[in-house]
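K.L.:
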Amino acid sequence: MSNIRITKQFSFETGHALYGYDGKCKNVHGHSYKLSVTVIGKPITNRNDVKFGMVIDFSDLKKIVKEEIVDQFDHATVFNETTPHVELAQELKNRGHHVILVDYQPTSENMVVDFAERIIGRLPAGITLFSLKLQETESSFAEWFASDNL
């Protein structure tokens with residue numbers, strides 16, 4: 001049986017700031033992110049399995065990505081916990097805002113690595129994360145490929 005790649009796309013809104021950056025992105029701002037998740041595996045061959053012919057049910061992939069990424073990052077503000085932004089983060093939290101502190105600079109490049117790790121830990125046996133594409137704007141995105149990270 002052939003390996004088949006399937007892709008599901010997700011959208012979410014997230015704010016962030018890049019501490020120490022020398023451009024406009026040092027300011028708190030947000031993006032309408034688009035995340036494309038591609039997994040690879042062999043379609044189920046057991047005719048008695050309700051998911052016969054599928055690599056993974058799109059709804060099962062959706063559940064994983066929704067729980068690990070979309071539900072957590074949508075309408076949140078992400079700051080690097082090792083910068084003075086933690087003071088702003090605490091003030092926002094005190095005012096009821098959803099803030100996520102991470103141990104990295106919250107660039108698309110670093111976020112896509114974080115997302116890959118979160119997804120890999122939840123995939124069922126026989127299914128592998130092939131790639132992620134995190135689109136920050138219409139013309140800017142970061143990509144993660146398993147083959148680049150062996």
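Residue 50 in UniProt numbering sits at position 50 of the sequence shown, with consecutive numbering throughout. Each residue gets a CB set at the ideal place from its N, CA and C atoms; glycine is no exception. Predicted model, so just to flag it, every value in this text is computed and none were measured.
1) Just curious, the beta strand (DSSP E) that R5 is in, first and last residue?
2) Do L132 and A116 have their C-beta atoms closer together than 9 angstroms?
3) Do the CB positions of A142 and V112 come within less than 9 angstroms of each other?
4) Buried or exposed: where does S10 fall if 16 or more other Cβ atoms within 10 Å of its Cβ makes it buried?
5) For E136, name the three-state secondary structure that DSSP assigns.
6) Quick one: which unbroken alpha helix (DSSP H) runs of 4-plus residues sit fully inside the stretch 49–113? Chain order, please.
7) Using the rule of at least 16 other Cβ atoms within 10 Å of the residue's Cβ for burial, across every protein chain shown, is P124 buried or exposed?
8) Got a sec? Which residues, its chain only, sit under 7 angstroms from G30 by beta carbon, not counting five neighbours each side?
9) Taking the alpha-carbon positions, what's the G126 to V39 distance?
10) As a quick exercise: from L129, E138, E136, pick the residue whose alpha carbon is nearest that of D148.
11) State the DSSP-derived secondary structure class of A142, mapped to helix, strand or coil.
12) Taking DSSP as the reference, what is the three-state secondary structure of I44?
13) For W144, which of E109, E136, T137, G121 has the nearest alpha-carbon?
P.N.:
Put simply:
1) For R5, the enclosing beta strand (DSSP E) has its first and last residue at 4–16.
2) In this structure, A116 lies closer than 9 angstroms to L132 by Cβ.
3) Taking 9 angstroms as the cut-off, the Cβ atoms of A142 and V112 count as close.
4) With the sequence shown as reference, residue 10 is identified as Phe, and Ser is not the correct amino acid for it. The residue in question, F10, is buried, as its Cβ has 16 or more Cβ neighbours within 10 Å.
5) In the structure shown, E136 falls within a strand segment according to DSSP collapsed to helix, strand and coil.
6) Inside the stretch 49–113, DSSP marks whole alpha helix (DSSP H) runs of 4 or more residues at positions 58–65, 85–94, from first to last along the chain.
7) Around the Cβ of P124, a 10 Å sphere holds fewer than 16 other Cβ atoms; the residue is exposed.
8) Here G30 has E13, T14, G15 as same chain residues with Cβ atoms under 7 angstroms from its own Cβ, once five neighbours each way along the sequence are excluded.
9) For G126 and V39, the distance between alpha carbons rounds to 10 angstroms.
10) The alpha carbon of D148 has as its nearest neighbour, out of L129, E138, E136, the alpha carbon of L129.
11) Under the three-state reduction of DSSP, A142 is assigned to strand.
12) Correct three-state label for I44: coil.
13) The option with the nearest alpha carbon to W144 is E109.
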